[in-house]
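Which chain is which? The protein sequence lines are A and B, in order.
Under full-length UniProt numbering, think of the first position of the first sequence as 1, with each following residue one higher.
Under full-length UniProt numbering, think of the first position of the second sequence as 1, with each following residue one higher.
Data first, discussion second: the structure below is written as structure tokens.
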Amino acid sequence: MNPTVSDSFGARVDAALADRNLKLAVERTAGTAEAKRTLAVDAFPDFDAARDRAAAIKDHVVANLGFYLERFEANATAAGAHVHWARTAQEACDIVIRLCKQADAKSVARSKSMLGEEIGLPHALAEAGITRIETDLAEHIIQLSGERPSHIIWPAMHKTREQVSALFRTSHRNPHEEETIAAMAESARRHLREGMLAADVGISGANFLVADTGAVCTVTNEGNAELSLVPPRMHIVTAGIEKIVPSTGHAVHMLRMLSRSATGAPLSQYTTFYTGPKRPGDRDGPEEMHIVLVDNGRTTMREEGLAEMLRCIRCGACMNHCVVFRQIGGHAYGGTYPGPMGAVLTPAFDGLKQSRDLPNACTLNGKCQEVCPVRIPLPTLLRGWREKSWREGLEPASLRSGLALWAWFARRPRLYRAATATALASMRLMGRSGWLSTLPLAGGWTRYRDMPRPPADSFMAQYKKKLGKGPRP
Amino acid sequence: MTRPRVALFVTCLVDLIRPRIGFASIAALEAAGCEVIVPEAQTCCGQPALNSGDRKTAEDLARRTIAALEPYDHVVIPSGSCAATIRVHYPEILEHDASWGPRAAALAARTYEIMAYLDEVRGWKPDGVALPATATYHDSCSGLRELGIKRQPRRLLAAVDGLALRPLDGAETCCGFGGTFCVKYPAISNAIVGEKAAAIDATGADLLLAGDLGCLMNMAGKLHRDGSPVRAFHAIELVAGMGDGPAIGEDA
Ligand code: SF4
């Protein structure tokens with residue numbers, strides 16, 4: 001069973017933990033990605049210096065966003081593209097739908113883009129009655145099964161190969177005969193190519209927007225971006241405004257960080273820079289190219305202490321290495337973006353009230369920050385959300401009062417010692433052996449783990465006795 | 001500095017759950033030539049408040065802890081996460097405070113996790129300590145990532161005669177404790193520590209060692225619930241020659 005977004009976080013987590021297939025599927029993909037990234041990073045000369053440079057590039061752009069966006073607009077326009085600006089998700093969808101209608105589009109071919117998910121584009125296209133063909137293999141699987149992506153690089157990572165095979169058998173016109181990866185890929189290829197070639201409009205996201213050339217860069221491992229964007233009459237790009245980089249050289253640096261962090265590959269199979277529509281004399285390419293630059297809360301994030309999050313290049317390393325993501329998968333996060341980066345982004349996009357669990361459901365172990373290619377201090381940003389949640393009174397009353405009581409004693413060492421002595425004495429009564437298997441108020445612990453029975457006297461009490469006098473102040 | 005006056009910060013878990021870690025710390029520090037004082041005004045470093053988002057309480061406890069600990073040459077803590085709270089987070093959360101900010105920074109610079117202190121600052125090794133056993137070591141997250149604790153405990157443990165360390169698969173992977181995380185999201189925490197316990201069992205070692213009591217309670221509690229024979233100790237207990245006593249959860 002796939003947990004749905006409308007469930008509470010707790011319900012989604014329970015569903016995810018009960019799903020053995022999910023665990024198997026996530027472990028296969030994330031485990032492989034983790035191992036490959038380690039090899040790629042070890043082989044890279046001074047990866048840490050390269051990360052510093054990548055972070056500096058993004059920080060510079062985020063601090064000077066207006067300058068580079070104007071530059072990008074001027075150069076993209078000079079190359080023949082049309083640039084549109086959208087403040088919200090709704091505005092962005094409206095622009096795309098209007099353009100599709102202008103092009104009299106019956107069907108669009110979409111190359112995977114997380115921004116498209118973020119603004120709800122699949123839904124908007126359906127509402128407008130426009131047929132959508134998802135051309136990324138994993139996104140195709142998601143579309144066939146009527147689900148949402150569970151990872152930003154592998155949207156269908158929660159599905160096992162066996163589940164995908166079964167899905168293709170029922171949904172493809174000429175399904176594969178043998179259950180091998182090659183036969184399944186061939187089946188998807190047959191199915192998808194028809195759709196790509198028949199589409200009126202191709203829609204993509206952007207991995208990078210290059211300010212000084214006006215180019216849009218996409219990265220795929222399947223070549224589906226190229227195949228779905230070149231044949232249609234119109235190419236529409238939707239991109240977050242933070243995707244900008246100053247020059248092609250900067251884009252290339254970021255690409256090297258992106259692919260190594262995401263899949264461990266030195267570069268992705270296909271990397272394309274699109275600059276404007278088809279020119280006179282070109283043999284192929286779209287007649288019109290539109291670029292929709294989307295804010296959707298990004299400017300606010302910059303103002304509200306989340307500027308570092310705008311460095312994110314959507315590589316997915318943080319989630320691949322996250323102990324919590326590895327247990328519960330992406331759907332449990334309930335937003336467009338899962339894992340540590342999603343736990344920072346979802347409260348910004350959907351509101352903290354609905355998503356306060358996400359920044360809390362983290363052990364703050366710091367692995368995500370250790371692997372992030374642009375050094376986003378994810379634990380610090382998550383702690384920032386927790387503070388906001390506390391200030392706004394969103395944390396549960398039981399936690400607030402428990403913590404308040406404990407803090408009251410912690411401020412008064414004498415009373416603290418007296419209170420802890422009482423607590424130890426009562427805990428001593430609860431078990432004879434060294435372990436307690438039930439403990440009032442600590443059911444969350446003892447449901448799964450035993451608790452060592454505390455000593456009769458605290459360290460401080462024992463120490464005092466040993467010294468034979470009070471410890472020196 | 002020939003004989004530094006060292007304040008031992010005991011951590012609330014050590015104080016209440018396993019005092020042996022405090023006594024082992026004193027023994028090792030004294031063997032390493034320190035004068036050890038346990039300031040009575042200490043309670044808890046405030047980490048639970050900090051990580052729950054209760055910034056005001058965290059700052060308040062930070063000020064009190066600083067005041068209790070700052071008269072000493074060094075502050076030493078048998079916990080990577082509490083040491084990181086003082087070393088890394090106190091200066092951050094008090095940065096805005098003109099009088100306490102500099103005091104926090106000054107204390108941070110004199111505060112050490114115990115393994116790093118014994119190994120790097122004191123250049124000390126246990127002498128004549130023997131324990132014939134096989135052990136495996138878990139690198140707790142805060143110590144590892146915020147303070148770079150990795151080689152120091154291994155160097156100290158290598159000096160224990162007869163102790164053989166076995167590598168732990170995923171030694172740097174979080175055990176799922178995470179302070180209040182383990183009680184706020186117990187099912188996820190359980191899934192994580194379940195895998196950790198299986199990896200520990202798979203080493204075939206007699207002992208599980210680590211440098212943070214919170215993580216140790218989590219892993220040992222899971223191992224015990226699952227019926228595993230692996231016994232858990234704080235690494236300082238072995239280093240101080242107290243590895244032949246009761247393990248975590250064993251009756252004294
Ligand atoms: S936060 Fe860092 S690691 Fe995570 S997706 Fe973004 S760039 Fe990658």
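Just so you know, even glycine gets a beta-carbon here, dropped at the ideal spot from N, CA and C.
Would you mind telling me which residues of chain B sit closer than 9 Å to residue i, beta carbon to beta carbon, in chain order?
i                     : result
residue 519 (chain A) : Because chain A spans 1 through 473 in this model, residue 519 (chain A) falls outside it and cannot be assessed.
E395 (chain A)        : S52, G53 and D54
A442 (chain A)        : V183
Output, in chain order, the set of chain B residues within a Cβ distance shorter than 8 Å of residue i.
i             : result
V13 (chain A) : Y185, A187 and I188
R20 (chain A) : Residues of chain B passing the Cβ test: none, with the nearest at roughly 12 Å.
Please return the same chain residues whose Cβ sits closer than 8 Å to the Cβ of residue i, not counting the five positions on each side in sequence.
i                     : result
G470 (chain A)        : Any reading at G470 (chain A) must be qualified, since the residue scores a pLDDT of 49, below 50, and its modelled position is unreliable; the value itself is stated next. Within the same chain, G470 (chain A) has close Cβ partners K464.
residue 485 (chain A) : This structure cannot speak to residue 485 (chain A), because chain A is shown only from 1 to 473.
A164 (chain B)        : A133, T134 and A135
Y416 (chain A)        : F409 and A410
G204 (chain B)        : T134 and R166
Looking only at its chain, what residues have a beta carbon closer than 6 Å to the beta carbon of residue i, apart from the 5 residues adjacent to it on each side?
i              : result
V164 (chain A) : I141
M1 (chain A)   : Residue confidence for M1 (chain A) is low, a pLDDT of 40 falling below 50, so the modelled location carries little weight and cannot support an answer.
P473 (chain A) : Reliability of the predicted coordinates at P473 (chain A) is poor, the pLDDT of 48 falling under 50, and the value obtained from them is presented with this limitation in mind. The answer is none, since no qualifying residue turns up.
E35 (chain B)  : R3 and R5
G176 (chain B) : S189, I192 and V193
R71 (chain A)  : A211
L255 (chain A) : none
D73 (chain B)  : P4 and R5
T272 (chain A) : T218 and E226
What does residue i touch in chain A if you count any residue whose Cβ is under 7 Å from its own?
i              : result
T43 (chain B)  : A410, P413 and Y416
G176 (chain B) : V323 and T363
L16 (chain B)  : T420, L424, P454 and S458
P19 (chain B)  : P455, S458, F459 and Q462
R191 (chain B) : Residue 191 (chain B) is actually Ala in this sequence, not Arg. Residues of chain A passing the Cβ test: L17 and Q327.
T173 (chain B) : V323
R64 (chain B)  : R411
Report the neighbours of residue i on chain A: residues whose CB is nearer than 9 Å to its CB, in chain order.
i              : result
K222 (chain B) : Y448, R449 and D450
G22 (chain B)  : F459, M460, Q462 and Y463
E146 (chain B) : G366
Under 8 Å Cβ-Cβ, which residues of chain A neighbour residue i?
i              : result
L61 (chain B)  : A407, A410 and R411
C141 (chain B) : T363, L364, N365, G366 and K367
V10 (chain B)  : F459 and M460
R166 (chain B) : The contacting residues do not exist; R166 (chain B) stays about 21 Å from chain A at best.
For a contact defined as C-beta to C-beta under 7 Å, what are the partners of residue i on chain B?
i              : result
T438 (chain A) : Going along chain B, no residue has its Cβ under 7 Å from T438 (chain A), so there is no contact; the nearest lies around 12 Å.
A74 (chain A)  : Within chain B, no residue comes near A74 (chain A); the closest Cβ sits about 41 Å away, beyond 7 Å.
E186 (chain A) : Correct list: empty, because the minimum Cβ distance to chain B is about 37 Å.
L399 (chain A) : S52
G434 (chain A) : G249, E250 and D251
Less than 7 Å between C-beta atoms, sequence neighbours within five positions excluded: which residues of the same chain meet that for residue i?
i                     : result
P232 (chain A)        : A109, A199, D200, V201, G202 and P286
A171 (chain B)        : Y137, H138 and D139
V41 (chain A)         : F47 and R260
S8 (chain A)          : none
A202 (chain B)        : D169
R314 (chain A)        : M114 and I152
A138 (chain A)        : W154, P155 and A156
R190 (chain A)        : N174
residue 480 (chain A) : For residue 480 (chain A) there is no data in the structure shown, the boundaries of chain A being 1 and 473.
Can you give me, in chain order, the residues of the region 32-55 of chain A that have a beta carbon less than 8 Å from any beta carbon in chain B?
-> Cβ proximity to chain B below 8 Å picks out nothing from the region 32-55 of chain A.
Can you list, in chain order, the residues of the region 301-324 of chain A whose Cβ is nearer than 8 Å to any Cβ on chain B?
-> Here the close residues are V323 and V324.
Residues of the region 257-285 of chain A with a CB closer than 8 Å to any CB of chain B: list them in chain order, please.
-> Along the region 257-285 of chain A, none of the residues has a CB nearer than 8 Å to a CB of chain B.
Members of the region 448-461 of chain A near chain B, C-beta cut-off 8 Å | Those residues of the region 448-461 of chain A that come within reach of chain B (Cβ to Cβ, closer than 8 Å) are Y448, R449, D450, M451, P452, R453, P454, P455, D457, S458, F459 and M460.
Proximal residues, the region 131-161 of chain A versus chain B, C-beta separation under 9 Å = Those would be none; no residue qualifies.
Please name the residues in the region 360-384 of chain A whose beta-carbon is closer than 8 Å to at least one beta-carbon of chain B, in chain order.
-> Taking 8 Å as the Cβ-Cβ cut-off against chain B, the residues of the region 360-384 of chain A that qualify are N360, A361, C362, T363, L364, N365, G366, K367, Q369, E370 and R383.
Give, in chain order, every unbroken run of the beta strand (DSSP E) that is at least 3 residues long and sits entirely within the UniProt domain "Cysteine-rich" (136-219) of chain B.
-> DSSP runs (the beta strand (DSSP E)) wholly in the UniProt domain "Cysteine-rich" (136-219) of chain B: 161-166 and 207-210.
Which residues, taken in chain order from the region 210-235 of chain B, show a beta carbon closer than 8 Å to some beta carbon of chain A?
-> Per Cβ criterion, the list reads M217, N218, A220, G221, K222, H224 and R225.
Just list the alpha helix (DSSP H) runs in the region 55-86 of chain A, keeping only unbroken ones of 4 residues or longer that don't cross its boundaries, in chain order.
-> Fully enclosed alpha helix (DSSP H) runs of 4 or longer: 65-78.
Counting only runs that start and end within the region 153-210 of chain A, where is the alpha helix (DSSP H) found for 4 or more residues in a row?
-> Segments of the alpha helix (DSSP H) lying fully in the region 153-210 of chain A: 161-171 and 181-198.
What residues in the region 237-252 of chain B bring their beta carbon closer than 7 Å to a beta carbon of chain A?
-> Result list: I248, G249, E250 and D251.
If you measure beta-carbon to beta-carbon, which residues of the region 101-115 of chain B are closer than 9 Å to chain A?
-> Under the 9 Å Cβ criterion, the region 101-115 of chain B contributes no residue.
Just list the alpha helix (DSSP H) runs in the UniProt domain "Cysteine-rich" (6-87) of chain B, keeping only unbroken ones of 4 residues or longer that don't cross its boundaries, in chain order.
-> Those alpha helix (DSSP H) runs which fall completely within the UniProt domain "Cysteine-rich" (6-87) of chain B and span 4+ residues are 12-16, 19-31, 47-52, 55-69 and 80-84.
At which residue ranges does the region 100-158 of chain A contain complete alpha helix (DSSP H) runs of 4 or more residues, listed in the order of the chain?
-> You should have 114-119, 121-127 and 137-145.
Counting only runs of 4+ residues fully inside the region 281-316 of chain A, write out the alpha helix (DSSP H) ranges in chain order.
-> For the region 281-316 of chain A, the full-length alpha helix (DSSP H) segments reaching 4 residues or more read 298-303 along the chain.
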